[in-house]
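Trainee: Just so you know, the protein sequences line up as chains H and U, in that order. Throughout, my numbering is defined as the position within the first sequence, counted from one, plus 1158. Throughout, my numbering is defined as the position within the second sequence, counted from one, plus 10. Before anything else, here's the structure in question.
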Amino acid sequence: MTHSNVAYQVMWNRLISVVEEQAQALVRTAFSTSVREAGDLSAGVYDVAGQMLAQAVTGTPGHVNAMADAVAHFIRRIGPENIAEGDVYITNDPWEGTGHLHDITMVTPSFHGGALVGFFACTAHIVDIGGRGFGADAASVYEEGLYIPIMKFADRGVVDETLTRIIRGNVREPDQLIGDIYALATCNEIGHRRLIEMMQEFDLSDLTGIADFILENSRRATIQRIAALPQKSADGEITMDGFDRPITLKVNVSVKGDRIVSDFTGSSGLDKKGINCPLVYAKAYACYALKVAIAPEIPNNAASLAPFEIAAPENSIVNALHPAPVALRHIVGHFVPDAVFNAFDQIVPGIVPAEGAACLCNFQVSLRPRTDAPAPVDARRSEVLTFNSGGSGARPDFDGLNATAFPSGVMTMPVEATEHAGPVIIWRKELRPGSGGAGKQRGGLGQYMEVGAREGHEFDIQAMFDRVDHPAKGRRGGGAGAPTTIAQDDGTPMRGKGKQFVAHGRRVMMAFPGGAGYGAAKDRPAHLVKRDLARGYITPEAAAQDYGLSAADIAAVAQAVRNGEDVT
Amino acid sequence: MKAARMTEHSTRLGVDIGGTFTDVVLEVGAASYSTKVLTTYAAPENAIIDGMHQVCAKAEISPAQIGQIIHGTTLATNALIERRGAKTALITTEGFRDVIEMRTESRFEQYDLNLVLPDPLLPRQMRYTVPGRMDASGTELQPLSRADIEPVVDQIKAAGYESVAVGLIHSYLNDAHETLVRDVLAERMPEAMVSLSSEVSPQMREYERFNTVVANAYIKPLMKSYLGRLEGRLQDEGVGCNIFLMHSGGGIISIENAADFPVRLVESGPAGGAVFAANIAARYGLDKVLSFDMGGTTAKICLIKDQTPKTSRVFEVARTYRFKKGSGMPISIPVIDMVEIGAGGGSLAHVDAMRQIRVGPESAGSEPGPACYGRGGDRPAVTDADLVLGKLDPDNFAGGSIALDAGASAAALSTVLGDVLDMDAATSAFGLAEVVDENMANAARVHAVENGEDLSDYTMIAFGGAAPLHAGRLCEKLGVDRLLVPPGAGVGSAIGFLRAPFSFEANRSVYMTLAGFDAGKIKTLLADLKSEATGFVRNCDADSPILSEYKVYMRYSGQGWEIPITLTEAQAMSPDVAVFEARFIEDYTKLFGRPVAGMDIEITVWSVNATTPPEAVARADEAAGSDAAPDHGTRPLFDPALGAFTDGTIVQRHEMAPGMQVAGPAIITEDETTIIVPTSRVAVRQPDGCIDLRVKG
């Protein structure tokens, strides 16, 4: 049976709605804060060949391309002849899933009328998978936690209890993880039900027709965008703190007719610690950077992603092979867009932003009863993970965003919710004045955070910060963003990465980085400088020195603030 | 005050101030009179007075005979959207000055490099901080003294702020510091209006709570002055009765409470629409209803179970980016839970890079309007597609007041859609209409799934100018067998106000796990909430019995999303841990398929809704459908389920006597709208005036 163009339009719309529903179900049933509060997950629907047809737009560009490739690995590993109705598959393989052991990917085959018609897949970042815990300290992937190869979680509807017992016995929060695994299975199931309803409504026996329609239109639209670009290549690079020594990402971006190749030859080699990045994850962020720049509204599917190719030498920092440690692969991954933008800006100027904070400013605290003196009886152990953001880079026509994630899209957790999760106290979480790079468009502000424990507790903080020594660089004359700083409240210095002890009564004082500016500060319109001064985004000194605001204007702004007037 | 409400023979006035029109409905006994007048922005009370005189004249009564006025308004919402509030300051906890600006630290649209986040209601210089800190158990970690507060208040006073919001961390657990700030404000700055977050929205999650208290403070002076003026004007006109306000939760509160908590008035208009639909559901004894309200720019969809609209604790106003989730500001107050999408008669279509037709949320508005209005619009709107598909009569739109130009519609459809996709104008119109109907159907499906509901056993109730044109197709898409189009659909919200009970919902965030279940504490907490909520209702009605509805929000420990669990009075007042657990597992399984074994369960939010009993509704007589309605010939009408033009029978609604029927494909016309009966349906005029569409037997 053939369908009209109008019917296919409706079906495509429906599939996108189906995967959004699938993702929503996961958020509502998940246990890990990373999934339920921060939205670190993804969900998609695939045809029988494992080609992704639609994917929910969630907080994680890093899952986009990675998960797109995953289903093909599942089909190959499980074997097409072993795929049965009622099956659910699972893995956390960093190389065939989404880049580290902390992401669980689950795939469910979808049967209709006894025949396999497609697959649903979803991925979620879970808080603990055993091993050394979430952090950079491992020397190989074996230390980073339990590895689950691609295998059946449920075989024709029967859950593998041996597997769940092994999982339970190897992780710190077994209830949470098993709860999350069930949530992942449930969300695929919900997607499957909606798909079958759609197939019944349109009298479909397979997805071939709609798959061709989606993939053909997406391919054509993407290739049109690429063909319209200057057929050039350019080099970009960026240097970041790394763990013990700086890491440099080098990329050559080359527009070649119907595809764009990002080649990372020349980038740093592997790091000893767990900040290495599998190629799937680097590819996801390279692809995100290019798509958001040239084809933002084209939905993610196999055809719209295919023209974005990546190359990197084996065992470079962006193509870490087994058994390299990869737990914090997001740090390098989040820097990939800035490197790609630095190249792309030379091919098409005026689209991409200046550098921003790049990686999320996450930390995990492991609290326990104080050991230096008798602890109160109600003191307890607890793991608390928080996601936080610095400032994003200024855009050609707009300021950077204050304390907002880019390129990641996850949310922060409310302080009041975090303080319920464990005996932690967040003493401060607010904007960091003066941290946005000066420019015609100003960089986004970073933020201050201060963290301590409740009376009777001490803790380890697992720091996952960068840009301590390598602040965001401006574009077209824009100034740099402020660097990351971290120390204890008594002045004890701390490192940007790794697990560090914080004694009873001490607090950790952190300042997260600002985004860089775009264009020369002297060209910034005076009314925006005054507005920023009134709001305290910039200091009076910066207003005078960077932007040339007169002493009289500065005094007038101060008076307006005293009068409770807005300055716009 | 004496309750003179809802008796069959009272004289009551319902007034809904909308963005364009102010709708006024007067009920005198069983008779009803309505009018629409243009909203008078500068002094909204003028339109009310004008409308009131019109309906009083129709009913031949004097304003003095009105026994009660129920009022709902979009003024609060508009003040937030248009940023026309008072000069307002926030006092918050040191270290948390920027909570309302930092939002969730995320981008609500991942694929827009030029995304601009909406400004917070108050810029940074209007946000002041004081020391002092509560912890997550409500215990004081750091003290707050008068000496800490006084210099801050002095600065605020010197700056001349009119209204002050106070939002401190964990104040929903312990309000001591917030009340101390209020005391100091009262002493040193008695002229300021003060709003405390622990009173306006005592719920966990600082961003939502602070934003809600700021919004309340921001619109308080404006609403207080408006409500005062309205009372005065009505007295001048000889009206002596009490005035009550519709709130977002679907009930009525006193004018004094409304002036203190004006943020509760946001979304009162749509809430009235949901109450209107709920009343019709009661009339027909329907327990599962989907209300569908489609106007010029948006469509709103609400689930009504057991004749009660579903409620929620948080919603978003003033979305700034294509109605996208996250692009507005969260307000955490009890509210009727609706999905609103940018799909209306004026929504414009285009073809995107994937050669997909996209519709809305951009709207043609009334100027220039859809292409068929002939006012210079050259892009196709939903109304243009409806015209080309034969759903609208070009010579009888809006009672014949606007002549529609079908040629202009066809030209716009061809230019913008057809030429790109190689389709003729009719196929383009089909595509456009299918896309907008699918968008609405998807919104309804997702809303149903999120609430664990299956729409196939639901009945749809459609109102609003554009809804009856699309509701039939929507029912086909959703597998809904029955559709009711009530009379008076153009002023549905104002009618709904007159059907609403006095009600107030009180909420409190208090953590408790079932492992640490404390029956005594629960009893006290729920009793406190009950007396708080009842107080508000008693304020409106001294005599009526007051019912209490108990809800607790529960989840597995470690999850982030609670599900609401309704308890009976007995379950709430003699709390039993086994009952709480069983009720949670029952509802969780219904929503998500299976429970999670071996996990502790926790309760996060407690809520009591006090309400006067629902109006006794007489069950409508239902006619089966017998005689054919007199027809006025046929015209070509496109049927999307068949993908082809058919001959649609033309019938006039006012000529359909009770029990008369018309089989689809048919077009039922009236002044305000047109009801499309798909080929798959037959329409019967019920004795109460509803048009009842069912699947052909």
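Even glycine gets a Cβ: it sits at the ideal position worked out from N, Cα and C. Since the structure is predicted, the reported quantities are computational estimates derived from the model, not experimental observations.
1) At the level of alpha carbons, what is the spacing between M62(U) and G82(U)?
2) Which partner residues does Q152(U) have in the DSSP bridge list?
3) Does DSSP put G1602(H) in a helix, a strand or coil?
4) Counting only C-beta atoms, is F1189(H) closer than 7 Å to chain U at any point?
5) Which bits of chain H does G179(U) rub up against, with CB to CB less than 8 Å?
6) Report the partner residues of K310(U) according to the DSSP bridge assignment.
7) Taking just the CA atoms, how far does H1350(H) sit from H1231(H)?
8) Cα separation between A74(U) and D657(U)?
9) Looking at the C-beta of P133(U), does it have a partner C-beta in chain H at a distance below 7 Å?
10) Three or more beta-carbon pairs under 8 Å between the region 1450-1460 of chain H and the region 1265-1280 of chain H, yes or no?
11) Based on DSSP bridge pairs, tell me the residues matched to A553(U).
12) With a threshold of 16 other CB atoms inside 10 Å of the CB of L1259(H), please say whether the residue is buried or exposed.
13) Say whether chain H places a C-beta atom closer than 7 Å to the C-beta of I367(U).
14) Taking 7 Å as the threshold (beta carbon to beta carbon), is M1569(H) in contact with chain U?
15) Given a cut-off of 7 Å, decide if V273(U) and A328(U) are closer than it, judged by their beta-carbon atoms.
16) Against chain U, with Cβ distances strictly below 7 Å, would T1344(H) count as a contact?
17) Do F1623(H) and G1654(H) have their C-beta atoms closer together than 7 Å?
18) For M522(U) and V1573(H), what's the separation of their Cα atoms in angstroms?
19) Is any beta-carbon of chain H found at less than 7 Å from that of G441(U)?
20) In the DSSP assignment, what residue or residues form a beta bridge with P497(U)?
21) If I measure Cβ to Cβ from M136(U) and keep anything under 6 Å in the same chain, skipping five residues before and after, which residues do I get?
22) In the DSSP assignment, what residue or residues form a beta bridge with R1417(H)?
23) Do you know offhand how far A1596(H)'s Cα is from T102(U)'s?
24) With a threshold of 7 Å between beta carbons, is Y1705(H) in contact with chain U?
25) Count the other CB atoms within 10 Å of the CB of K1587(H); is the residue buried (16 or more) or exposed (fewer)?
26) List in chain order: all unbroken alpha helix (DSSP H) runs of 4+ residues lying wholly within the region 1351-1388 of chain H.
27) Which of helix, strand or coil does DSSP assign to Q366(U)?
28) Just to confirm, is the Cβ distance from G1288(H) to N1250(H) under 7 Å?
29) Given that K230(U) touches chain H, what residues does it touch there, using C-beta distances under 7 Å?
30) Applying the criterion that 16 or more other CB atoms from any shown protein chain within 10 Å of the CB defines a buried residue, is H1221(H) buried or exposed?
31) Apart from the five residues on each side of it in sequence, which residues of its chain come closer than 7 Å, Cβ to Cβ, to R1352(H)?
32) What does S1192(H) pair with, by DSSP beta-bridge criteria?
33) What separation, rounded to the nearest whole angstrom, lies between the Cα atoms of P688(U) and A435(U)?
34) Along the region 114-128 of chain U, where does the CB come closer than 8 Å to a CB of chain H? Name the residues.
35) So what's D396(U) in DSSP terms, helix, strand or just coil?
36) Can you tell me where the beta strand (DSSP E) with I573(U) in it begins and where it stops?
Mentor: Let me spell this out:
1) 15 Å
2) R143(U)
3) coil
4) yes
5) In the sequence on display, residue 179(U) carries Ile and not Gly. Here the neighbours are V1573, E1574.
6) D303(U), E350(U)
7) 20 Å
8) 53 Å
9) yes
10) no
11) The sequence as given places Asp at residue 553(U); Ala does not occur at that position. DSSP, once it has assigned bridges, lists no residue as partnering D553(U).
12) buried
13) yes
14) yes
15) no
16) yes
17) yes
18) 19 Å
19) yes
20) Answer is none; P497(U) lacks a bridge partner.
21) A99
22) K1414(H)
23) 29 Å
24) no
25) buried
26) 1366-1385
27) coil
28) no
29) Simply none; closest approach about 16 Å.
30) buried
31) V1176, E1179
32) The partner list for S1192(H) (beta bridge, DSSP) is empty, contrary to what the question assumes.
33) 21 Å
34) T114, E115, S116, R117, Q120, Y121, D122, L123, N124, L125, V126, L127
35) helix
36) 573-577
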